[in-house]
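J.: All residue numbers for the sequence shown refer to the working numbering, where the first residue is 61 and numbers rise by one. Glycine included, every Cβ here is placed at the ideal spot set by N, Cα and C. Mind looking over this structure? Questions follow.
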Amino acid sequence: MSTPKTTKEPAPAQQASALASVNPATGDVIAVHSVQTPAEVNAAVERAREAAATWRDLGFDERKKYLLRWVTYLLDHAEQFSDLIHAENGKPRDDAYLELVLAVEHVAWAAKHAKKALAPKKVKPGVLMANFSAVVEQRPLGVVGVIGPWNYPVYTPMGSIAYALAAGNAVVFKPSEYTTTVGNYLADSFRLANPGLRNNIFTTVNGYGETGAALVKSGVDKIAFTGSTATGKRIMATAAESLTPVLLECGGKDAAIVAADADVKAAADAIAFGAMANSGQTCVGVERVYVEKAVADEFIREIRTIISGLTPGEGPDSSYGPMTMPAQIDIVRKHIADAIEHGGTAIVGGLDSVKERFIEPVVIVDADESSAAVQEETFGPTLTIRTVKSVSEAIRLANASKYGLASTVYSKKQGLEIARQLRAGATSINSVLGFAAIPALPFGGVGESGIGRIHGEPGLKEFTRPHAIASQRFALPGMALLSFKRSKMTTVIVKKAMKVLHGRYK
Ligand code: NAD
61 MSTPKTTKEP
71 APAQQASALA
81 SVNPATGDVI
91 AVHSVQTPAE
101 VNAAVERARE
111 AAATWRDLGF
121 DERKKYLLRW
131 VTYLLDHAEQ
141 FSDLIHAENG
151 KPRDDAYLEL
161 VLAVEHVAWA
171 AKHAKKALAP
181 KKVKPGVLMA
191 NFSAVVEQRP
201 LGVVGVIGPW
211 NYPVYTPMGS
221 IAYALAAGNA
231 VVFKPSEYTT
241 TVGNYLADSF
251 RLANPGLRNN
261 IFTTVNGYGE
271 TGAALVKSGV
281 DKIAFTGSTA
291 TGKRIMATAA
301 ESLTPVLLEC
311 GGKDAAIVAA
321 DADVKAAADA
331 IAFGAMANSG
341 QTCVGVERVY
351 VEKAVADEFI
361 REIRTIISGL
371 TPGEGPDSSY
381 GPMTMPAQID
391 IVRKHIADAI
401 EHGGTAIVGG
411 LDSVKERFIE
421 PVVIVDADES
431 SAAVQEETFG
441 PTLTIRTVKS
451 VSEAIRLANA
461 SKYGLASTVY
471 SKKQGLEIAR
481 QLRAGATSIN
491 SVLGFAAIPA
501 LPFGGVGESG
511 IGRIHGEPGL
521 KEFTRPHAIA
531 SQRFALPGMA
541 LLSFKRSKMT
551 TVIVKKAMKV
561 LHGRYK
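Rendered as structure tokens:
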């Protein structure tokens, strides 16, 4: 499927049947992959469907063994895999390693917790059905189609892949066209870690958006998508035609609030990382800061010092790497220009910071709240900071976004109280991104940030359907409710019982 290459080749987009994966720091072609046609996508889903039955029937304990073997395999090959992530996505090698181990943590958690989280649950049948037992069983869906982005090409799709597999589904994964080699390495690693296991439990289909669209139409039992909001909406519209359920993990415009009682140095350190790591190409990266007046000068001074010292590059000591997707560079440039035009002052960098492949860090203070840099996802190494009069103003502005993915709060005493008022799927208090590294916590957004949850118990349940089973244990004499033999007396008894049970709430 893949031909390793080291030479420079023309851009891939012109070749419909092949996809060249490019090192974003150098432009070198890493590998060439064939692009799957819709017919090939359908065939891959069919093969996965056959494998799904075997995988489902193994049960939780057996599946756990295979998934944990995969965990060990990934750790044994972590150096090699990190090198590939570094080469194809551009992030520094150590960041690639961190991404990999965070993904591994999720596989291990899902493998170990699926049995308990998805165990059959007895429920009370209620007075009317007292002669019944009732149980909810969680069944795997069958084949899950996963469509992934390039910014965290292992960690992000793994939030769907590991949880779908642990719940007993087969997975067909369409990696981003920018990180296809990483996606294929991931699926190959599952197979290589488990030589005794039948093929096609976790496979990939490669290509651009058209291949993803073919996967949505292929008859999979659910689509788990991570990527931009615009693509998420297109996927949901296509999936609606066949009522294929969707899980959508989309974009964000995450805010950090720094309250007057915050540890300002710690806040500046963490927020600088949350904003600039991975060149700001993080769905839950910090893009906006609202800082209370009392500590604003100190915070701005601290963060300016830290961020001014950051150096993008491809070497081992670089703070962050190149922009992975060339088209994003223009968006970042436009947001910086728009912010400056709308009252913003660049206190670190400026328009000149945007280079051909790398963008040096940019910090803008007091840009108008309506500017693109405050409202739209920038997805680059930029940060806006606004000084606010109070925590309540900070909360109001943080919530004034169509997105609602994650958030950060720095406050010694009111962290939880502030977090509870934020319209977001997750909040990290006195740290950044903490929630993403805790597998038991569900992950996902509100509003235009998406639908559904990966990670944790909700993340396992996303890849199952509840099957409700009511069993009559014995017939109640004279109380045949669900029968044409129901007597007048039965209705009289039911009426009386209902009055006693529910007729007193006035
Ligand atoms: P994208 O939407 O351009 O592409 C994502 C995937 O969708 C790719 O594999 C692409 O080939 C595929 N695709 C494109 N058009 C399609 C279509 N019509 N039908 C089916 N599939 C299609 O996003 P991207 O640029 O790869 O990723 C960056 C975005 O992802 C950012 O907005 C970021 O915030 C978001 N993201 C969100 C999360 C999260 O968990 N919420 C995590 C990481 C990234």
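From Ala73 to Thr240, what distance separates their C-alpha atoms?
T.: Low confidence applies to Ala73: its pLDDT is 45, below 50, so where it sits in the model is not reliable enough to give any reading.
J.: If Lys282 sits next to Leu308, beta carbons under 8 Å apart, how far is it from one beta carbon to the other, in whole angstroms?
T.: About 11 Å separates the two Cβ atoms, so there is no contact after all.
J.: Could you tell me which whole beta strand (DSSP E) segments of length 3 or greater appear in the segment 141-188?
T.: You should have 181-183.
J.: Identify the continuous alpha helix (DSSP H) that holds Glu401 and give its terminal residues.
T.: Per DSSP, Glu401 belongs to the alpha helix (DSSP H) from Pro386 to Glu401.
J.: CA-CA distance, Lys627 and Val167?
T.: This structure cannot speak to residue 627, because the chain is shown only from 61 to 566.
J.: Ligand 2 and Ala222: does any heavy atom of the ligand fall closer than 7 Å to the residue's C-beta?
T.: This structure simply doesn't include ligand 2; it includes ligand 1 instead.
J.: Can you confirm whether the segment 259-271 touches the segment 221-237 when touching is taken to mean that 3 or more C-beta pairs between the two stretches lie within less than 8 Å?
T.: These segments touch.
J.: Val89: which of Ala80, Ala247, Val95 and Thr97 sits nearest, CA to CA?
T.: The candidate whose alpha carbon is nearest that of Val89 is Ala80.
J.: To test your reading of the DSSP string, which unbroken beta strand (DSSP E) runs of 3 or more residues are found completely within the segment 420-465?
T.: With a minimum length of 3 residues, the continuous beta strand (DSSP E) runs that stay inside the segment 420-465 are 422-425 and 442-448.
J.: Where Gly475 and Val469 are concerned, what is the direct C-alpha to C-alpha distance, given to the nearest angstrom?
T.: Their Cα atoms are separated by approximately 6 Å.
J.: By how many angstroms is the C-alpha of Phe192 removed from the C-alpha of Met385?
T.: So the two alpha carbons sit approximately 58 Å from each other.
J.: Please identify the residue among Gly373, Ile424 and Val552 whose C-alpha is closest to the C-alpha of Lys415.
T.: Closest option to Lys415, Cα to Cα, is Gly373.
J.: Take the Cβ of Met218 as the centre, count every other Cβ of all protein chains shown within 10 Å, and call the residue buried at 16 or more, exposed below.
T.: Buried, because 16 or more other Cβ atoms sit within 10 Å of the Cβ of Met218.
J.: Taking 8 Å as the threshold (C-beta atoms), are Leu246 and Val214 in contact?
T.: In this structure, Leu246 lies closer than 8 Å to Val214 by Cβ.
J.: By the DSSP assignment, the alpha helix (DSSP H) with Gly519 in it spans what residues?
T.: Per DSSP, Gly519 belongs to the alpha helix (DSSP H) from Gly516 to Lys521.
J.: Select from Gly464, Met539 and His562 the residue whose C-alpha is nearest the C-alpha of Met189.
T.: Here the closest residue by C-alpha is Met539.
J.: Using a Cβ-based criterion (distance less than 7 Å to any ligand heavy atom), does Lys234 qualify as near ligand 1?
T.: True, at least one ligand heavy atom lies under 7 Å from that Cβ.
J.: CB of Pro468 to nearest heavy atom of ligand 1: below 7 Å?
T.: According to the sequence provided, residue 468 is Thr. The question's Pro does not apply to it. Flag unset: Cβ of Thr468 not near ligand 1.
J.: Which residue wins for smallest C-alpha separation from Glu362, given the options Ile389, Gly381, Phe333 and Pro382?
T.: For the residues Ile389, Gly381, Phe333 and Pro382, the minimum Cα distance to Glu362 belongs to Phe333.
J.: For Leu135, which three-state DSSP category applies?
T.: Correct three-state label for Leu135: helix.
J.: Less than 8 Å between the CB atoms is what I'm expecting for Gly292 and Gly563, so what's the real figure, rounded?
T.: Incorrect: roughly 47 Å between the Cβ atoms, too far for contact.
J.: Can you list the alpha helix (DSSP H) stretches of 4 or more residues lying completely in the segment 262-333, in chain order?
T.: Here the runs fully enclosed are 269-276 and 289-300.
J.: Report whether the distance from the Cβ of Phe439 to the nearest heavy atom of ligand 1 is below 7 Å.
T.: Yes, the beta carbon of Phe439 sits closer than 7 Å to at least one heavy atom of ligand 1.
J.: Asp117 to Arg123, Cα distance in whole Å?
T.: Using only the alpha carbons, I get a separation of about 9 Å.
J.: Assuming Tyr41 is part of the beta strand (DSSP E), what are its boundary residues?
T.: Absent from the structure is residue 41, since the part of the chain shown begins at 61 and ends at 566.
J.: Going by other Cβ atoms of all chains shown within 10 Å of its Cβ, with 16 needed for buried, is Lys184 buried or exposed?
T.: Burial call: exposed.
J.: Let me know the secondary structure DSSP gives Tyr223 once reduced to three states.
T.: Helix, per DSSP.
J.: What three-state label does DSSP hand Pro98 in the structure shown?
T.: It is helical.
J.: Please classify Ala91: does DSSP put it in a helix, a strand, or coil?
T.: Here Ala91 sits in strand by DSSP.
J.: Mark Ser77 as exposed unless 16 or more other C-beta atoms lie within 10 angstroms of its C-beta, in which case mark it buried.
T.: That one is exposed.
J.: Would Gln96 be called buried (16 or more neighbouring beta carbons within 10 Å of its own) or exposed?
T.: Label assigned to Gln96: buried.
J.: Tell me, to the nearest whole angstrom, how far the beta carbon of Val164 is from that of Val203; I am working on the premise that it is less than 8 Å.
T.: In fact, because the Cβ distance is near 24 Å, the residues do not count as touching under 8 Å.
J.: Identify, in the order they occur along the chain, each residue of the same chain with its Cβ nearer than 6 Å to the Cβ of Lys473, setting aside the five sequence neighbours on each side.
T.: Cβ neighbours of Lys473 beyond the five flanking positions: Asp321.
J.: Within 7 Å: the Cβ of Tyr212 and any heavy atom of ligand 1?
T.: Answer for Tyr212: yes, Cβ within range of ligand 1.
J.: What does a CB cutoff of less than 7 Å around Tyr133 pick up in its chain, not counting 5 residues either side in sequence?
T.: For Tyr133, where only same-chain residues beyond five positions count, the Cβ hits under 7 Å are Ser249, Leu252 and Ala253.
J.: At which residues does the alpha helix (DSSP H) containing Gly381 begin and terminate?
T.: Gly381 -> no alpha helix (DSSP H), and no H or E assigned at all.
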